[in-house]
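I have placed the structure first, in the form of structure tokens, so that the comments after it can refer back to it.
Numbering (my numbering), first residue to last: 379 to 632.
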């Protein structure tokens, strides 16, 4: 990659990253102890909650992810399908999925985006708040998040590359699935056997890696006790990152 290409990629990465999260960061952290990515993400998304939706390609990304989710789970039903979106942000993707399901619950570590997500559910979607609402929580440190609630579909879009403990989060998400339910992860596509693009310096305090290969996802799913179903590329957008959607199913106990 030439230096000019490198620069272009970095700019592209900066504004097309995540849900088009506001990643324009200039402060530098010099931690000598363990870096807490969960806390860094919480602060980052609280600070940038209001600019979330204005990022270039944010709405277009939500639309193509919505299509990919509907294709991955053709059985979605307005009468019965319950959905959990983990790392829901301001609800851009939830809004795309909502017309096809009964209700969606959003979880996010950032109370700032959860507030905006609930506002969107109510004002833009006119959703029934008993079935469709968002909650701020850290599922790795808090017990009894959504006690007793199980879902037909759990999905997480463009957030796994922000997490540090992928195996633990995947296991926690499995805990929210009904037997036979589907877990969908959408993130930055990475080709097996190729070195991933560099994560630009300005994102490194709240992005742990570039993306995931099919092997990466298979391993995460199988270790969490799921049956791996598929890993497909999401329809491309030439002005945005290449994404994949990976699907696994929670076994039905015999």
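Ideal Cβ positions, reconstructed from N, Cα and C, are used throughout, including at glycine.
Since the structure is predicted, the reported quantities are computational estimates derived from the model, not experimental observations.
Where residue 621 is concerned, the enclosing beta strand (DSSP E) starts and stops at 621–627. The C-beta of residue 536 has 16 or more other C-beta atoms within 10 Å across all chains shown, which makes the residue buried. Under DSSP, residue 565 forms a beta bridge with 622. Unbroken beta strand (DSSP E) runs of no fewer than 3 residues, entirely contained in the stretch 497–558, are found at 511–514 and 529–535, following chain order.
Rounded to the nearest whole angstrom, the C-alpha separation of residue 484 and residue 576 is 30 Å. For residue 487, the secondary structure class from DSSP, reduced to helix, strand or coil, is coil. If only uninterrupted alpha helix (DSSP H) runs of at least 4 residues are considered, those enclosed by the stretch 444–484 are 470–475. Residue environment: residue 614 is assigned as exposed (fewer than 16 neighbouring CB atoms within 10 Å of its CB, all protein chains considered). Taking the C-beta atoms as reference points, residue 451 is found no nearer than 8 Å to residue 467.
Within the same chain, and ignoring the five residues on either side of residue 538 in sequence, the residues whose Cβ sits closer than 7 Å to its Cβ are 544, 563, 565 and 590. CA-to-CA, the gap between residue 504 and residue 470 works out to about 14 Å.
When the Cα atoms are used, residue 526 and residue 595 turn out to be separated by approximately 27 Å.
Around the beta carbon of residue 571, fewer than 16 other beta carbons lie within 10 angstroms, which makes this residue exposed. Proximity of the stretch 601–619 to the stretch 434–441 meets the contact definition, three or more beta-carbon pairs being nearer than 8 Å.
Under the DSSP definition of a beta bridge, residue 611 partners with 622.
Comparing C-alpha distances from residue 463 to each of 561, 498 and 624 shows the shortest one belongs to 561.
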